[in-house]
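Participant: Got a structure here, written out as structure tokens. Questions coming.
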């Protein structure tokens, strides 16, 4: 069984934000919610790098562990999903997430954040809705994975910086790239998310 | 252009040199700059690297194009550490502290038993707490119990309650509990302010408190432990409630208005302080409830009706009773003396 992962090759990312736009459009994400974002480190300085970041679908997902109602879980493909019917909007998943992935529709004073929303790896939702149904789409967004397609962000990436797919395959692609061009700033977030980097 | 040029540059400007020395002192990027074969700066080879950034700071932050400033943090591996504290440490500490306290009190009840009024009830009453004092106490007490139960639900509910009532029902309960916790908090703040204002004067430590401890705090039947209006044990509870109360209120406000006053690390710390202090708080209050009800005859009525038996007052608060009696006799001797 495949273990789905994301990998952002920061040496290729040009901060075009097409992944962000693709995600918002594909999943009809509400205003104020960013399931994916691009962060630029050392902006304007030599060695500046941009990294596209969303839920990394971590191994031993800290969000799932801290959730007080146990509404977050990992599928057999390694995708971390959650049920918006069970979520109480406590905000703990945001404190635990190493990547700032969980999002809430409201600011959150007095605990009124609303139901958590985050990247679903374009794999629908973790609720009781039928896979691929319109109800699932309205609540969680697209279910491309069920159709055999990868997340829209990675598919739309203009420089093929953002890779999605089975962890071993995308790690291999990244290794080959680094060997060929002679440098690589690393698989951002992999050590934290999967307890393993990619040795090159 | 030689590689040494920037170094010479920095010698010319004292502040740049100072900055460089400071950078070397803290061990910041002292790594050799990589250069292309022609000697030019190689931007790709010198690109920022994740592990190096994480060695310099606990979080990697950068510039973002969206308004949500929290999202400028690209990565904070500390999230996993917070997860560990919350799921492993807090669960164990909480269980040990709370169950330990209950076990301790059970043991105390079995060994010492209920502390009786040794002279028996006199049948005469003396006012210990006014209506307003009792109102303040019960406002704090009721809100504390609600906060304690709903707070424990957030940490232990998924272990204790969820398997019993199922995930849908538990989600509804937890949602309601969250709002109860967030709004009843204000009643607790008001209650705490009231009891502190009302009782801080009588809770200032005095010499008699040392004697109270030396005499075994009233738990040894053969010895009499002297006390004023509040005995040393009550004073300890008072100051603990004040300290722990300020800690949970402060951290609670940070959690109630997330990210207004602090960043992600501050939010994690606030949650940890809130949770660990609250667990100890609940344990201490369980002991307070025990001694005020089951543990001692004649104690509950002080907060119930506000009046205590004369003999109870003499045995547990002799100095307060003496003051009270002296004052009452001066004012209206017949009424209080004979009732």
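Residue numbers (my numbering), protein chains in the order written: chain W, 1 to 200; chain L, 1 to 339.
A virtual CB, placed ideally from N, CA and C, is assigned to each residue, including glycine.
Should residue 74 of chain L be flagged as near chain W, meaning a C-beta pair shorter than 8 Å?
Facilitator: Residue 74 of chain L counts as touching chain W.
Participant: Determine whether the Cβ of residue 157 of chain L lies closer than 8 Å to any Cβ atom of chain W.
Facilitator: Yes, residue 157 of chain L lies at the interface with chain W (some Cβ there is under 8 Å from its Cβ).
Participant: Quick check on this structure: which residue in W:95, W:195, W:151, W:32 has the alpha carbon closest to the alpha carbon of residue 119 of chain W?
Facilitator: Nearest of W:95, W:195, W:151, W:32 to residue 119 of chain W, Cα basis: W:151.
Participant: Let me know the secondary structure DSSP gives residue 144 of chain W once reduced to three states.
Facilitator: Coil at residue 144 of chain W, not helix or strand.
Participant: Using a Cβ-Cβ cut-off of 6 Å (strictly less than) and excluding sequence neighbours within five positions of residue 38 of chain W, which residues of its own chain qualify?
Facilitator: Excluding residues within five positions, the ones whose Cβ falls inside 6 Å are 15, 17, 50, 52.
Participant: Which residues in chain W have a C-beta closer than 7 Å to the C-beta of residue 277 of chain L? List them in chain order.
Facilitator: Within 7 Å Cβ-Cβ: nothing; residue 277 of chain L doesn't reach chain W, min ~17 Å.
Participant: Within the continuous alpha helix (DSSP H) that includes residue 177 of chain W, where are the two ends?
Facilitator: Counting along the chain, the alpha helix (DSSP H) containing residue 177 of chain W begins and ends at 167–181.
Participant: In chain order, what residues of the stretch 78–97 of chain W put their CB closer than 9 Å to some CB of chain L?
Facilitator: Result list: 83, 85, 86, 87, 88, 89, 90, 91, 92, 94, 95, 96, 97.
Participant: What's the gap between the Cα of residue 283 of chain W and the Cα of residue 81 of chain L?
Facilitator: No information on residue 283 of chain W is available, as it lies outside the stretch 1 to 200 that chain W covers here.
Participant: What residues from chain W crowd round residue 48 of chain L, counting only those whose CB sits closer than 7 Å?
Facilitator: Within 7 Å Cβ-Cβ: 41, 42, 47, 49, 185.
Participant: Just the Cα atoms here: how many angstroms apart are residue 183 of chain W and residue 84 of chain W?
Facilitator: Between residue 183 of chain W and residue 84 of chain W, the C-alpha separation is close to 42 Å.
Participant: Pick out whichever of W:109, W:82, W:60 has its Cα sitting closest to the Cα of residue 344 of chain L.
Facilitator: Chain L is shown only over 1 to 339; residue 344 of chain L falls outside these bounds and no answer can be derived.
Participant: I want to verify the contact list: residues of chain L whose CB lies under 9 Å from the CB of residue 53 of chain W, in sequence order.
Facilitator: Those within 9 Å of residue 53 of chain W in chain L are 71, 74, 75.
Participant: Since residue 101 of chain W is in the alpha helix (DSSP H), which residue starts that stretch and which ends it?
Facilitator: Where residue 101 of chain W is concerned, there is no enclosing alpha helix (DSSP H), given that its DSSP letter is neither H nor E.
Participant: If distances are taken between C-alpha atoms only, which option among W:93, W:158, W:123, W:89 comes closest to residue 112 of chain W?
Facilitator: That would be W:89, whose Cα lies nearest to the Cα of residue 112 of chain W.
Participant: Within the 8 Å Cβ cut-off, does residue 11 of chain L reach chain W?
Facilitator: At residue 11 of chain L, the pLDDT of 41 sits below 50, so the modelled position is not reliable; the number obtained from the coordinates is stated separately. Judged by the 8 Å Cβ criterion, residue 11 of chain L is not in contact with chain W.
Participant: Whose C-alpha, out of W:140, W:21, W:165, W:197, is nearest the C-alpha of residue 128 of chain W?
Facilitator: Nearest option by C-alpha distance: W:140.
Participant: By a C-beta neighbour count over all protein chains shown, 10 Å radius and 16 as the cutoff for buried, is residue 48 of chain L buried or exposed?
Facilitator: By the neighbour-count rule (16 or more Cβ atoms within 10 Å), residue 48 of chain L is buried.
Participant: Of all Cβ atoms in chain W, is any one closer than 8 Å to the Cβ of residue 63 of chain L?
Facilitator: It does; some Cβ of chain W falls within 8 Å.
Participant: Which chain W residues sit within Cβ distance under 7 Å of residue 355 of chain L?
Facilitator: Outside the shown range of chain L, which is 1 to 339, sits residue 355 of chain L, and nothing can be said about it.
Participant: Per DSSP, what kind of secondary structure is residue 15 of chain W in: helix, strand or coil?
Facilitator: Here residue 15 of chain W sits in coil by DSSP.
Participant: I'd like the span of the beta strand (DSSP E) that includes residue 34 of chain L, first residue to last.
Facilitator: Note, residue 34 of chain L: premise wrong, no beta strand (DSSP E); not H, not E.
Participant: Give the interface partners of residue 135 of chain W over in chain C, defined as CB-CB distance under 9 Å, in chain order.
Facilitator: Considering every chain present, this structure includes no chain C. Its protein chains are W and L.
Participant: Comparing alpha-carbon positions, which option in L:255, L:242, L:295 lies nearest residue 95 of chain W?
Facilitator: Closest by alpha carbon: L:255.
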